[in-house]
């Protein structure tokens, strides 16, 4: 199968030095794929027209504070003592790695010089030496098991497992650690300030290689091609 050459708003720059073979290729991320599918106009505004902030708001900001503390102990002023106590309950290991880059070559699935980039929240080995990949999420607990437990809709941890398997690792499992969240603002001292509720759901996301290959071929590639068409039109109209 001949690979299709596309153009995307972002290029892979290999900032971390982990995948030099992909330097300069067209780049998509899992979050961009989700943004495009969930709110196409917002994606085009942010990434194509350059009119937005690429910021998904205070909920993502708060989730980032939680993730940063989990990663290296950096505490934001927006995290309460209760938040810290809850975050400390999530297991970490001596060999834990955080925010590890993962880049998947999309050429085998039909896109020439194009990659999918992501960063895993938490990777670690257990006693059997198999690699586990966790994703840390915050949100309203009422619908999180449905959202992240649906293997036809949530692919993030399994995408990362797919690339690690390509790199020679044996995958032990993937899961989402979902932390219940309450509140709707970041005003310290306000009764509705964002905070963790204390609910913790561990949602298994079983990895099967064939599921991810199907997703890459039937979902990621067509979405990238569609984004590329918008990008080409924009450049044709506005390029000097």
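In the working numbering, the protein residues as written are 60 to 299.
Glycine included, each C-beta is placed from N, C-alpha and C at the ideal position.
Nearest to residue 83 by C-alpha distance, out of 96, 69, 103, 206, is 69. At the C-beta level, residue 254 and residue 141 come within 8 Å of one another. Partner residues in the beta bridge of residue 181, as assigned by DSSP, are 157, 193. Residue environment analysis places residue 240 among the buried positions, since at least 16 neighbouring C-beta atoms fall within 10 angstroms of its C-beta. Shortest Cα-Cα distance from residue 214 to any of 155, 266, 190 involves 266. In this structure, residue 216 lies near residue 234, with their beta-carbon atoms less than 8 Å apart. Between residue 291 and residue 176, the C-beta gap is not smaller than 8 Å, which leaves the two residues out of contact. Residue 95 is positioned such that its CB atom lies no closer than 8 Å to that of residue 89.
For the set 98, 79, 270, 64, the Cα lying nearest the Cα of residue 162 is the one of 79. In this structure the region 249-263 lies against the region 185-204, because at least three pairs of beta carbons, one per stretch, are closer than 8 Å. In summary, residue 180 is buried, with 16 or more beta-carbon neighbours lying within 10 Å of its beta-carbon over all protein chains present.
Between residue 280 and residue 92, the CB-CB gap reaches or exceeds 8 Å. The Cβ atoms of residue 152 and residue 106 lie no closer than 8 Å to each other.
With a 10 Å radius around the Cβ and a threshold of 16 neighbouring Cβ atoms, residue 197 comes out buried.
Residue environment analysis places residue 100 among the exposed positions, since fewer than 16 neighbouring C-beta atoms fall within 10 angstroms of its C-beta. In this structure, residue 238 sits near residue 145, with a CB-CB distance shorter than 8 Å. Residue 72 sits exposed, since fewer than 16 C-beta atoms from the chains shown fall within 10 Å of its C-beta. The Cβ-Cβ distance between residue 166 and residue 75 does not fall below 8 Å.
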